[in-house]
Each structure stands twice: as C-alpha cells, then as structure tokens.
Amino acid sequence: MLFSLKKRTLKKRIDVLHLLTLIVILSLPALVSYNAKSQLQVIQDKGVLRVATRNTPNSYFIDTDGPAGFEYELAQAYANYLDVTLDIIVPNDIKGLFEAVENRDAHIAAAGITVSDIRESKYDFSRPYSESASTVIYRIRQGVPAPVSVEDLIGKKVLILANSIQAEQLSRLKESFPELAWEATDELTNTDILDKVFNEEVDYAIVDSTVYESQSSFYPGLSDAFVIGRTRPIAWVLTHNQDGSIKKSVDKFLGLESTKVLITELKAKYFSKENPLNFFDTVTFKSDLETRLPALEPYFKEAAIRYDFDWKFLAAIAYQESHWRADAVSPTGVKGIMMLTQAAAKEVGVEDRTDPVESIFGGAQYLINVKAKIPERIKDPDHTWFALAGYNIGFGHLEDARILTQRADKDPDKWEDVKEFLPLLSKQRYYQTVKYGYARGQEPVQYVENIQKYMDLLEWEKQIQEIREAREEAMRAIQDAENQSAPNGIILLDNMPDTL
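Take the sequence shown: its position 88, counted from the start at 1, is 88 in the UniProt record's numbering, and no numbers get skipped.
Below, the structure written as structure tokens:
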C-alpha cells in the first residue's frame, strides 16, 4: 500500500514536470521573437530616431523658420522614411559625435564626417553620400608665395579641428616631417578657423574641401593652396549592432533615387551660397556689422515687428542708403539712416531725419506706403522688389519697363523679367515708345541687387553669430551640469529616454 502511494506521488511529480516543460516549450517562440527584434524595429516601435550632429552652417542650425542645415534636412527625410520622430542631439565637439554613437546616446552621427581607415576600424558607416579632401587654406598677401607642399607648413601657425580627419593625416605626416607642428582645437568650428586665417591670427588652416568651397566666397582674401591626402567619402556613423538592420535601412534610403535628388537639392541650398561683395566691400561690411549695427539692431527689430518686415531686410535697405550712419547726407539733401527726402519724412511724420529711431520707423512706414502702390496681384518677393525699384526710379518709369516687358512676351509681374528691360529706358529706341521717356534704368536694378546682396550677407553673418552664441551657451550649460545626467558633453534636446 505504501509502495503504491509513493508510486502515485512520483507519477504526479513527473506529470507536473512534463507540464512545466511543455509550458516552457510553448513559450519559446514568443521569447525568441522578442529577443530577435532588430534595432531598426526598436527604433520604429519607440517612434524616435536620435541623430547626433554639430551646430554649424552646413550641418544644423536654428533659422528664423526653425531647424535647418544639410544634415538636419537629410536626417529628417530619413526619419520621415521610417515614420518616426527625429530627435537631434548636439555634442560639443567631433569626439563627442563618435562617443554619442558608441555610448548609444544616438543611433546615427551625421555631420559631414569623413571616412578614414582608423575610423572604419572602430565604427560602422553608411554608404557614402558625398566626398571631401583636406585642403590647406591661406590668406593672399602681395609678394608672399602660396604654400605648395607640406614643407611650407613647417615653422608656421597651422590650425585644425581636434579629432578631425586632418588630425589623423598630420599625425601620419609627422613621421616623415618631424618638425611639422600644428594646433588642434575642439573649441572652434571650421568657420571660426577660417576667420582666424582671414584676420591673420594664424598662417594656415586645414579644413574639409566641402566646408571651404561652401564658405570661400565669404572670405575673398583667402584661397586654397593644395590638398593633403586623397579624396575620401563622407558618410553617416551608425550604431554598431550585430543584425546590421540600421545600416541596411540607411543604405537603402540613401540609395533611393528620390534621396539622391534630395541630396543634390540640399547641396545647392547649403553649399552653393555666394558672397555678392568684393574683398574691400566684405571687409567694410564686417567692420560696420561689428561697430555700427549693434546700436541700431533693436530698432530694426522693433520696426520689423510693427510693420511686418524681416528686420534684416530693413537693415539691408539702411545699409544701402547710409551704411548705417545716422549723420549721412547726400548731395541732394536726403538724410539719416534711411536717407529720407523732406517730402517722405513729412509724409510719415518724421521731424528729425538724423534721429536713428525716427528714421528707421519712418523708413519702414514709408516702405509700407510705397508697397501700396504696387498691384496686390503681384506676390512677394516680386512685390517688394518692384516697390524698391519704383521708389528708386519712380513708378512711372517702372510702369514703362513693365510695358516693355509685356511687349516682349515676358511676365510684367515678375521682377526677374522686368529687371531685364529697365536698363533699356536709357536707350532712345525704347524710351521714345513709352509714356515717361528716358530714365537711368540700370540704377534701380543695381539698387535692388545691392539690397539683396546686403540681406544675404547679413543673413549669413547673423547665422554664424547665432551658432557661436549657441555654442558658447552649450559650453556654459555643460560646465553647469558637470555632475548631472548629460554624458560626454552632450546637450540633450527635447525629452529623450535614458536608453536606445
């Protein structure tokens, strides 16, 4: 009897063990399915793609309309492709970009990063989407020859970014040229480095050719001398994962025809900016920007808000008129920052044309009055360019030019078309066929183009200034938060989870 009871007890234990085993077996597919979830699926499930980049004119910056930059727009396009939200994080330097990916604070580092053998041995890279070379930059000086080889850099002040591809290249070159020396900084951007060459604080800089090509026109006194090393691919740095899902997805995205078209458009947008001024005008403008504009900028901004203009547009008009000089007076008697005539000043209630505040606000109001004379069907920016041209040459002559434009089967409501015919008002065969006759038609064209030039240059300079200020603020934030959670000098944007 006792034996029979023990036998039944043992049987029950075996049955329970079989049941537990069956439960485990049945649970395995779910466990395997969970563990097999790819890194890409994790991103899509969480709905967030984290991208590390740098606060530079080419990669990422905050514009008047919000975030902008080549790398930002490309990363946003990839986030849209995945149907997730893009989170941007901004490491303090190049080293921080790689650490962000290595420490899994970011899925991707996107900042015009050049692929090198050393980097490729440590990190995963996407397929290339551009290429660049390291180029030596110098300031043109009369009687001083340009450097032509590495030997010419010896004994000179050479500046590069720390942890850059240039640092790798110079370290290798030092084996062959022991006297070669340079300064590597992680406190500046490439733009700052070019500034130092332009201001003759250093002899040479070595930067990515793509960076120099995109900014060279804003430094008319600089030139590229020679290239160090070979042209190398530019790619995104990716979080290393065994399944390779992120790399496969990124490579597929970058290989799409629509992405290739987007990259071409973004290169034209961010890497093809042209400085419209010559060397002398650029130097003068930069000087006036630092010495004259700061005192006037608050008034331009206030007037812009009141009259619904871009403040840089008002500032560009003022620079064209007076070079931001409150005491400016023309031979014809117009005065002040906005160079108002007596009639214009009376129309807008300006009593003292030499008073900067009165002049700026009066000029903005007068521009509103002038714009009202242009047909409403003409939309901006054409509406504004016509208003400026009409103010400069007179609205009768402007109307004559529009008539000539229409006769030639061009669009009289498009500034790009009309500006071709304004200069013809100085030629008898044309001006004798229109109501208001002869006019120096090239002058309003030049007037509008100058304002456009100053606005573009002002936009560029203020963008660089804002990037520097943001960088300084980030540095202060890092110092203030040394013992807080942000790792490796990374500024976390938005509310980001602790792990990927």
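Here a beta-carbon is modelled for each residue, glycine too, at the ideal position from N, C-alpha and C.
Counting along the chain, where does the alpha helix (DSSP H) carrying residue i start and finish?
| i | result |
| --- | --- |
| residue 400 | 395-407 |
| residue 501 | The structure shown does not extend to residue 501, since the chain is modelled only from 1 to 500, so the question has no answer here. |
| residue 42 | 39-46 |
| residue 82 | 70-82 |
| residue 431 | 428-431 |
| residue 419 | 415-421 |
| residue 172 | 165-176 |
According to DSSP, is residue i part of a helix, a strand, or is it coil?
| i | result |
| --- | --- |
| residue 469 | helix |
| residue 311 | helix |
| residue 61 | strand |
| residue 139 | strand |
| residue 495 | Residue placement at residue 495 is flagged as unreliable, the pLDDT there being 39, under the threshold of 50; the coordinate-derived value follows with that caveat. Reduced to three states, the DSSP call for residue 495 is coil. |
| residue 154 | coil |
| residue 124 | strand |
| residue 439 | coil |
| residue 324 | coil |
| residue 148 | coil |
| residue 476 | helix |
| residue 304 | helix |
| residue 237 | strand |
| residue 133 | strand |
| residue 329 | strand |
| residue 448 | helix |
| residue 51 | strand |
| residue 412 | coil |
To the nearest angstrom, how far is the alpha carbon of residue i from that of residue j?
| i | j | result |
| --- | --- | --- |
| residue 139 | residue 158 | 12 Å |
| residue 120 | residue 113 | 11 Å |
| residue 262 | residue 320 | 36 Å |
| residue 185 | residue 312 | 32 Å |
| residue 146 | residue 225 | 6 Å |
| residue 174 | residue 160 | 15 Å |
| residue 302 | residue 358 | 12 Å |
| residue 294 | residue 356 | 13 Å |
| residue 342 | residue 368 | 17 Å |
| residue 366 | residue 352 | 15 Å |
| residue 402 | residue 415 | 9 Å |
| residue 375 | residue 400 | 15 Å |
| residue 286 | residue 473 | 23 Å |
| residue 70 | residue 128 | 15 Å |
| residue 259 | residue 253 | 7 Å |
| residue 115 | residue 305 | 46 Å |
| residue 176 | residue 134 | 18 Å |
| residue 231 | residue 168 | 14 Å |
Once the 5 residues before and after residue i are set aside, which same chain residues still bring their CB inside 6 Å of it?
| i | result |
| --- | --- |
| residue 467 | 55 and 61 |
| residue 210 | 132 |
| residue 190 | 207 and 211 |
| residue 95 | 163 |
| residue 170 | 182 |
Between which two residues does the beta strand (DSSP E) containing residue i stretch?
| i | result |
| --- | --- |
| residue 86 | 85-91 |
| residue 159 | 158-161 |
Between which residues of its own chain and residue i is the CB-CB distance below 7 Å, once the five residues before and five after are set aside?
| i | result |
| --- | --- |
| residue 458 | 312, 315 and 316 |
| residue 300 | 311, 314, 315 and 360 |
| residue 47 | 84 and 85 |
Output needed for residue i: all residues of its chain with C-beta closer than 8 Å, excluding positions within five of it in sequence on either side, in chain order.
| i | result |
| --- | --- |
| residue 373 | 387, 390 and 395 |
| residue 271 | 58, 70, 210, 213 and 214 |
### Message
Quick check on the DSSP output: what are the complete alpha helix (DSSP H) runs of length 4 or more inside the stretch 179-232, in order along the chain?
### Response
190-198 and 209-215
### Message
Quick check for students: name the residue ranges of the alpha helix (DSSP H) that lie wholly in the stretch 336-400, counting only runs of 4 or more.
### Response
342-348, 356-371 and 382-393
### Task
Report the residue ranges of all beta strand (DSSP E) runs contained in full by the stretch 94-120; include only those spanning at least 3 residues, in chain order.
108-114
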